[in-house]
Amino acid sequence: MKLHEYQAKEVLANFGVPVPEGRVTYFPDEAWMVSMELGLPVVLKAQVLTGGRGKAGGVRIARTSDEVLQIAQELFGKKLVTKQTGPQGVVIRKLLVEKAADIDRELYFSILVDRTTSRPTVIASKRGGMSIEEVAEQYPEDIIKIPIDPVTGFLPYQIRRLKYDLDLMSLEKEAAKIFSALYKVFIEKDCSLLELNPLVVTKSGHLLAVDAKMDVDDNALYRRKEISRMRDITEADPDELEARFSGLNFIKLSGNIGCMVNGAGLAMTTMDIIKLAGGEPANFLDVGGEATPETIAKGFEIITRDPKVKAIFINIFGGIVRCDKVANGILQALKKVKVEIPVVIRLTGMNREEGMEILKKSGLKFYVANDLKEAAKMVAELANGKNNGNSGKKAQKQEEQQKEKKEK
Amino acid sequence: MAVCVYRTSRVLVQGITGKEGSYHAKACKDYGTKVVSGVTPGKGGQEVDGIPVFNTVEEAVKETHPNVSLIFVPPPFAADAILEAVGSGIKTIVCITEGIPVLDMVKVKRVIEKEGVTLIGPNCPGIITPGATKIGIMPGHIFSRGSVGIMSRSGTLLYETADQITKAGLGQSTCVGIGGDPIVGTDYIFWLKQFEKDPETEAMMIVGEIGGNAEEKAAEFIKSGAIKKPVFAFIAGRTAPPGRRMGHAGAIIMGKSGTAESKYQALREAGVHVIENPGYIGETIAKVLKERAII
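What follows is the structure, encoded as structure tokens:
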């Protein structure tokens, strides 16, 4: 779960990490009043859960009272389009108003779990204010990496080394206190990322966390209630939220083939093979281990809501979830949700035969594929409106057989 | 021969009285696995399908001498369950549980490294040696005895791969799901070494996915010349958008790292047979092995 900057700073302040004086605001006049209270100049920062705000114009400095109001009015309600949001952007609903810092120099500091070593790792650099990827590319020698043993924690000698490397010996005690506090936040809040970029040294010679980014491990939210209640779902895609309420894992994409798959790896693979067959996936959807009629119906409902979707591909490999159960689920779901576009089904694994039998007997219209590549080709052709290929014919034939059976 | 687990492995099931635990304990037993006992705190003295249940791992070890533990304990308690098994001297642990906090796994990983424990998972389907033993939740019937060793980060994709290999007229020596989380007990390198040593394995298949750099590390290891047997690889998630977690906690592209392209490139440079179309995994392996006169 991603926290807003103002939320992350609240957490940091509680642990004794100095952050700029400021407040989150919801309307331009409120932002203006806060700026009067803080004193000019102030920085107005869009609070959106996405990276690249600065470059997209979401962080602005205001030096006069008129400027505060003007910038606030401009930013509130504006669609911020960053590298991460895609062209649809995200609407600014909150502004953090902060006293502008007197910056002497900018540092970079972050903690994350390094997957290679399986250890929390501190990454720091004298070159703050630019993206750490850029620093890594241009000045790799300026990146400090300190792996931390979870048993002993962030040790005094490691902190000392950091102080030397970052030229912080003049504010030795303050720096040591702040670095150990940051590690404490990382552990006690179950962070997957804690990043201060920049962490600045002010002209008056103190450290100040001018920006803060905090991601908390979703799996640990059950024991971090104070973080969990900070969740902001207003920026989430409504379909993705609804899917999540039903225990589905759904991510919207831009293509025209709806996918319903069990298992994350197979769901990704299904997207890949659709693309290889000349189609474009409209979504990633993992129905998980418990494909019940309700979850499948919900899946159909969400997929068909997208008018771009021209065909649906159901790819189920029965393991824990058995094919006969899934087949029944599909039938019940199709009774609840009207699906008027072609559906290609590929069922395999546990109880495949029983599942196929159930689908055949139903008399409902779908295309049945025997393996992954056949299914992908079929659904791509159907979505692209060319359904006279070989596999298309085969599918139609199967469909006719189903009809015949029904008539009998 | 087999890899890591054997026909003679004696299995303890932690969390055996739960819905999944009891179902799969029985399924493993039906497959031929020696399931000797189970543990659920507070349920000691009960039985699940004739399997005795104990309150603690220590007790179960004393009474029934298991050497592998299979864990179905819910995420908040799973790390503790793994450490309990380690504390009782069990050296091979298979953890199915999905959703364990990463910082819990940081601690677990440190302990198992020190104790020399092989942890398979978490968030994995387990391990199977077709026709001999199944320690996990996979559907046994899609696997067949043969010569290809499979290691996969994803569960259903492991089934898909095994199924294609079976249908291509080959079989599997051992198949292992290494887990979909950012921190897992074993990496590809561990299994590559095991399969290289195993006389029954003639080829290996890496089923990878986006995120992290486990596949790149494996490529580096293969490139060093440590692996003589042919290696095949498929990477899922080529079409995934960056910055979005694709189901598995580990499957996320951050910045420039973890993309399918970077993994394919590293593997290709290491001489691995890269299979880019997941519809042709079985066919490609069969073709290459025939050409190289291995089968």
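Chain order of the listed sequences is A and B.
Residue 429 is where the first sequence ends in the working numbering, and the numbering goes up by one at each step.
Residue 557 is where the second sequence ends in the working numbering, and the numbering goes up by one at each step.
By construction, the Cβ of each residue, glycine as well, lies at the ideal position given by its N, Cα and C atoms.
All values derive from a computational prediction rather than experimental measurement.
Would you tell me roughly how many angstroms separate the C-alpha atoms of residue i and residue j, rounded to the nearest one?
i, j, result
"residue 328 of chain A", "residue 361 of chain A", "11 Å"
"residue 230 of chain A", "residue 343 of chain B", "39 Å"
"residue 500 of chain B", "residue 426 of chain B", "20 Å"
"residue 150 of chain A", "residue 498 of chain B", "35 Å"
"residue 409 of chain A", "residue 331 of chain A", "The predicted position of residue 409 of chain A is uncertain, since its pLDDT is 46 and thus under 50; a value taken from the coordinates is nonetheless stated next. C-alpha separation (whole angstroms): 16 Å."
"residue 269 of chain B", "residue 391 of chain B", "8 Å"
"residue 28 of chain A", "residue 251 of chain A", "7 Å"
"residue 385 of chain B", "residue 218 of chain A", "33 Å"
"residue 347 of chain A", "residue 464 of chain B", "36 Å"
"residue 155 of chain A", "residue 80 of chain A", "20 Å"
"residue 509 of chain B", "residue 291 of chain B", "30 Å"
"residue 418 of chain A", "residue 316 of chain A", "Any answer about residue 418 of chain A is weak, because its pLDDT of 48 lies below 50 and its placement is not dependable; what the coordinates show is given next. Taking the straight line joining both Cα atoms gives about 30 Å."
"residue 207 of chain A", "residue 518 of chain B", "24 Å"
"residue 479 of chain B", "residue 382 of chain B", "18 Å"
"residue 314 of chain A", "residue 358 of chain B", "25 Å"
"residue 235 of chain A", "residue 152 of chain A", "16 Å"
"residue 379 of chain A", "residue 353 of chain A", "12 Å"
"residue 436 of chain B", "residue 165 of chain A", "41 Å"
"residue 434 of chain B", "residue 314 of chain B", "32 Å"
"residue 348 of chain B", "residue 340 of chain A", "29 Å"
"residue 536 of chain B", "residue 424 of chain B", "17 Å"
"residue 364 of chain B", "residue 398 of chain B", "22 Å"
Look up residue i in the DSSP assignment and say whether it is helix, strand or coil.
i, result
"residue 411 of chain A", "Reliability fails at residue 411 of chain A, whose pLDDT of 46 lies under 50, so the model's placement of it is uncertain and the value that follows must be treated cautiously. Three-state result, residue 411 of chain A: helix."
"residue 344 of chain A", "helix"
"residue 449 of chain B", "coil"
"residue 35 of chain A", "helix"
"residue 387 of chain A", "coil"
"residue 269 of chain A", "coil"
"residue 129 of chain A", "strand"
"residue 97 of chain A", "coil"
"residue 228 of chain A", "strand"
"residue 373 of chain A", "helix"
"residue 342 of chain B", "helix"
"residue 397 of chain B", "strand"
"residue 57 of chain A", "helix"
"residue 168 of chain A", "strand"
"residue 323 of chain B", "helix"
"residue 397 of chain A", "helix"
"residue 429 of chain A", "Caution applies to residue 429 of chain A, whose pLDDT of 45 falls short of 50 and renders its modelled position unreliable; the value that the coordinates give is listed next. In this structure, residue 429 of chain A counts as coil in the three-state DSSP scheme."
Write down the C-beta distance between residue i and residue j rounded to the nearest angstrom, noting that I regard them as a contact closer than 8 Å.
i, j, result
"residue 493 of chain B", "residue 468 of chain B", "7 Å"
"residue 242 of chain A", "residue 132 of chain A", "In fact, because the Cβ distance is near 19 Å, the residues do not count as touching under 8 Å."
"residue 308 of chain A", "residue 281 of chain A", "6 Å"
"residue 96 of chain A", "residue 65 of chain A", "6 Å"
"residue 326 of chain A", "residue 260 of chain A", "7 Å"
"residue 142 of chain A", "residue 168 of chain A", "5 Å"
Give the interface partners of residue i over in chain B, defined as CB-CB distance under 9 Å, in chain order.
i, result
"residue 105 of chain A", "504, 505"
Output, in chain order, the set of chain A residues within a Cβ distance shorter than 7 Å of residue i.
i, result
"residue 404 of chain B", "370"
"residue 362 of chain B", "240"
"residue 540 of chain B", "290, 293, 294, 393"
Taking C-beta pairs closer than 8 Å, name the residues in chain A that residue i reaches, listed in chain order.
i, result
"residue 510 of chain B", "285, 286"
"residue 345 of chain B", "The premise fails here: residue 345 of chain B is roughly 13 Å from chain A at the closest Cβ pair, so nothing lies under 8 Å."
"residue 338 of chain B", "243, 244"
Please list, in chain order, the chain A residues whose beta carbon lies closer than 9 Å to that of residue i.
i, result
"residue 407 of chain B", "The contacting residues do not exist; residue 407 of chain B stays about 19 Å from chain A at best."
"residue 444 of chain B", "134, 136, 139, 213"
"residue 513 of chain B", "285, 286, 289"
"residue 372 of chain B", "139, 140, 170, 171, 172"
Whose Cβ in chain B lies nearer than 8 Å to the Cβ of residue i?
i, result
"residue 250 of chain A", "Under the 8 Å cutoff, chain B gives no residues; its nearest Cβ is about 18 Å from residue 250 of chain A."
"residue 18 of chain A", "As displayed, chain A neither begins before 22 nor continues past 429, which places residue 18 of chain A out of reach and without an answer."
"residue 154 of chain A", "517, 518"
Can you name the start and end residues of the beta strand (DSSP E) that residue i belongs to?
i, result
"residue 274 of chain B", "272-276"
"residue 287 of chain A", "Premise fails: residue 287 of chain A lies in the alpha helix (DSSP H), 285-297, not in any beta strand (DSSP E)."
"residue 140 of chain A", "140-146"
"residue 44 of chain A", "43-46"
Identify the continuous alpha helix (DSSP H) that holds residue i and give its terminal residues.
i, result
"residue 386 of chain B", "Premise fails: residue 386 of chain B is in no alpha helix (DSSP H) and is neither H nor E."
"residue 306 of chain B", "Where residue 306 of chain B is concerned, there is no enclosing alpha helix (DSSP H), given that its DSSP letter is neither H nor E."
"residue 308 of chain A", "It is not in any alpha helix (DSSP H) - residue 308 of chain A carries neither H nor E in the DSSP assignment."
"residue 367 of chain B", "364-377"
"residue 159 of chain A", "153-159"
"residue 206 of chain A", "193-209"
"residue 490 of chain B", "Taken as a continuous stretch (DSSP letters only), residue 490 of chain B belongs to no alpha helix (DSSP H), as it is neither H nor E."
"residue 290 of chain B", "281-293"
Along chain B, in chain order, which residues have C-beta atoms closer than 7 Å to that of residue i?
i, result
"residue 64 of chain A", "What residue 64 of chain A touches in chain B: nothing, since even the nearest Cβ is about 25 Å away."
"residue 297 of chain A", "539"
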